[in-house]
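S.K.: Those protein sequence lines, which keep their order, are chains A and B.
Its first residue numbered 169, the first sequence is counted upward by one per residue in the working numbering.
Its first residue numbered 54, the second sequence is counted upward by one per residue in the working numbering.
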Amino acid sequence: MSALASLLMRDLRVAVRVGGGALMGVLFFLVVVTLTPLALGPDLALLRRIGPAILWLAALLASLLALDRLFTADYEDGSLDLIVTGPAPLELVVAVKGLAHWLTTGLPLIVAAPLIGLFLDLDAATAAALTLTLLVGTPGLTFIGLIGAAIAVTLRRGGLLLAVLVLPLTVPVLIFGVAAANAAVSGPLPFGTPFTVLCALTLASMVIGPFAGAAALRQEME
Amino acid sequence: MALIDFANPSQFLKFATRAVPWFAGATVLAFAFGLHQVVSAPDDYQQGATVKIMYLHVPGAWLGMLGWAVMTLAAFGTLVWRHPLADVAAKAAAPLGAAFTLMCLITGSLWGRPMWGTYWVWDARLTSVLILFLLYLGVMALWRTIDDPSRAARAAAILTLVGAVDLPIIKFSVDWWNTLHQPASVLRLGAPTIHPAILLPLLVMAGAFTLLFVTLQIAAMRNEILRRRVRTLRLLQASAVS
């Protein structure tokens, strides 16, 4: 257990240091949300209607771009070899790395989302529902994403390939996340229906992701 | 002691250690005077007491832009004249300018809610100030991503010079576009359009915030010089062990 705990602390510490890019995800999130009204025009009514969708897309892209540093940085300086051959099961190691990644990338996004929702004129109820769906959905994004990150670990310029691999897998999370956020304020669906499915998707990814990721790492590190 | 002597980091450290308490004291006095002025200033005939948010909002905007201007001068110092303290000044000014810009955005947002009915609107002035805030965050991220301080300095200097184009856009955005934000009332051709009873507290608060900026800037530059010395010592220690 203490091997996994020290791995978690190491990942958290590396992420917040120079070159770690922990808060870069929030900055990218803010930039994308700034760009969207500049492209769509300043009509606040329109922005309020599609606000949850914009925020979910921006959160998805921000999580995606940060996946690069999940395994590749460790692979390049050789520490991934040591981690893989360590005492703990590789599935748990991958799960812990995914947890550290979510804590440093996903959690800041969730904290920033209600504030950034002000830019899209979201009212309090929509913003609260959206934040709740992001809270449940971003771990799913991380754990699905780490499958692609493990597959692409040996590629140095694998950034776009990673996106192409991961995005189709994250489509269900995106669909149910936006559906839940919209259902909370409008529409015939009750909030619970898409929200429960979103919870199920995240829980499933938290199991499938580490197993698939570990298998991919074993393949790549041969 | 000529001004050029401050280019020596050790001389600057000595100056900074002596000067910061004086600047801090002057800042406290200026804020005391400024807050007294603000409290005794008259209410606006339309906005009532809400107009007093202006005494935080406008200095925040001015100092946010001043911060980037300081960084631009420092960028010239780094790229053109190779001044040794230029990149220290640039790195120190970035979080200060970002904080003032954020104060401007938040106070403006809180002011807009009762006055315009909305926390935010995508008009030219607000968007360009938000872009300035994003540029600040980008420069701060750039400083923290490159390990070697002098390489980081050159990269940040180029980004600062490119970003300086936002400053005239912010200033003239209310003239060039049809904006919800009010047009220039102080720095404009012709006299200021604010009544002196409200203008004077504004100028006093702006002066107080500027003194705060100078105090924090000198202290931050001292911290940055010391931080670099610690880093050099750590590198020497690490290479001595092997």
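From the three backbone atoms N, C-alpha and C, an ideal C-beta is built for every residue, glycine too.
#1: In the DSSP output, what is residue 101/B paired with across the bridge?
#2: Hey, quick one: how far does the alpha helix (DSSP H) through residue 107/B stretch, first residue to last?
#3: Can you pull the chain A neighbours of residue 174/B, defined as C-beta to C-beta under 9 angstroms?
#4: Straight-line CA distance for residue 218/A to residue 186/B?
#5: For a cutoff of 8 angstroms on Cβ pairs, would you count residue 187/B as touching chain A?
#6: Would you kindly report the start and end of the unbroken alpha helix (DSSP H) that includes residue 279/A?
#7: If you measure between the beta carbons of residue 285/A and residue 306/A, is that distance less than 8 angstroms?
#8: Going by CA-CA distance only, name the one from 284/B, 286/B, 275/B, 291/B that's closest to residue 71/B.
#9: Assuming residue 227/A and residue 191/A form a contact by the criterion Cβ under 8 angstroms, report the distance between their Cβ atoms to the nearest whole angstrom.
#10: Just the Cα atoms here: how many angstroms apart are residue 171/A and residue 293/B?
#11: For residue 250/B and residue 97/B, what's the separation of their Cα atoms in angstroms?
#12: At the level of alpha carbons, what is the spacing between residue 339/A and residue 313/A?
#13: For chain B, find out if any of its Cβ atoms is closer than 8 angstroms to the Cβ of residue 340/A; answer yes or no.
#14: Less than 7 angstroms between C-beta atoms, sequence neighbours within five positions excluded: which residues of the same chain meet that for residue 108/B?
#15: Are residue 110/B and residue 160/B closer than 8 angstroms when you measure CB to CB?
#16: How big is the Cα-Cα spacing for residue 117/B and residue 206/A?
#17: How many Å lie between residue 359/A and residue 281/A at the Cα?
#18: Measuring only between beta-carbons, confirm whether residue 374/A sits less than 8 angstroms from chain B.
#19: Which residue spans inside the stretch 237-313 of chain A form an unbroken alpha helix (DSSP H) run of at least 4?
#20: List, in chain order, every chain B residue whose beta-carbon is nearer than 8 angstroms to that of residue 202/A.
#21: Is it right to say residue 112/B is buried, meaning 16 or more other beta carbons lie within 10 angstroms of its own, or is it exposed?
#22: May I ask you to list, following chain order, the residues of the stretch 262-280 of chain A that have a beta carbon less than 9 angstroms from some beta carbon of chain B?
#23: To the nearest angstrom, report how far apart residue 318/A and residue 325/A are at their CA atoms.
#24: Kindly indicate the opening and closing residues of the alpha helix (DSSP H) around residue 168/B.
#25: Could you give the residue range of the alpha helix (DSSP H) that holds residue 211/A?
#26: With a cut-off of 8 angstroms, does the C-beta of residue 171/B fall near any C-beta of chain A?
#27: Ends of the alpha helix (DSSP H) at residue 287/B?
#28: Give a yes or no on whether the minimum CB-CB distance between residue 346/A and chain B is below 8 angstroms.
#29: Please classify residue 89/B: does DSSP put it in a helix, a strand, or coil?
#30: Applying the criterion that 16 or more other CB atoms from any shown protein chain within 10 Å of the CB defines a buried residue, is residue 350/A buried or exposed?
#31: Residue 190/B touches chain C at which residues, Cβ-Cβ below 7 angstroms?
#32: Applying the 10 Å Cβ sphere with the 16-neighbour rule, what's the burial state of residue 364/A?
M.R.: Here's the rundown:
#1: 97/B
#2: 107-129
#3: 210, 212, 289
#4: 24 angstroms
#5: yes
#6: 275-285
#7: no
#8: 275/B
#9: That belief does not hold up - the Cβ atoms of residue 227/A and residue 191/A are roughly 14 angstroms apart, past 8 angstroms.
#10: 30 angstroms
#11: 10 angstroms
#12: 12 angstroms
#13: no
#14: Closer than 7 angstroms at Cβ, skipping near neighbours: 91, 254, 255, 258.
#15: yes
#16: 22 angstroms
#17: Roughly 19 angstroms separates the two Cα atoms.
#18: no
#19: 247-252, 258-269, 275-285
#20: 180, 183, 184, 187
#21: A residue is called buried when at least 16 other Cβ atoms come within 10 angstroms of its Cβ; residue 112/B meets this threshold and is buried.
#22: Taking a C-beta cut-off of 9 angstroms against chain B, none of the residues of the stretch 262-280 of chain A qualify.
#23: 14 angstroms
#24: 139-169
#25: Residue 211/A -> no alpha helix (DSSP H), and no H or E assigned at all.
#26: yes
#27: 249-294
#28: no
#29: helix
#30: buried
#31: In the structure shown, chain C does not exist; the protein chains are A and B.
#32: exposed
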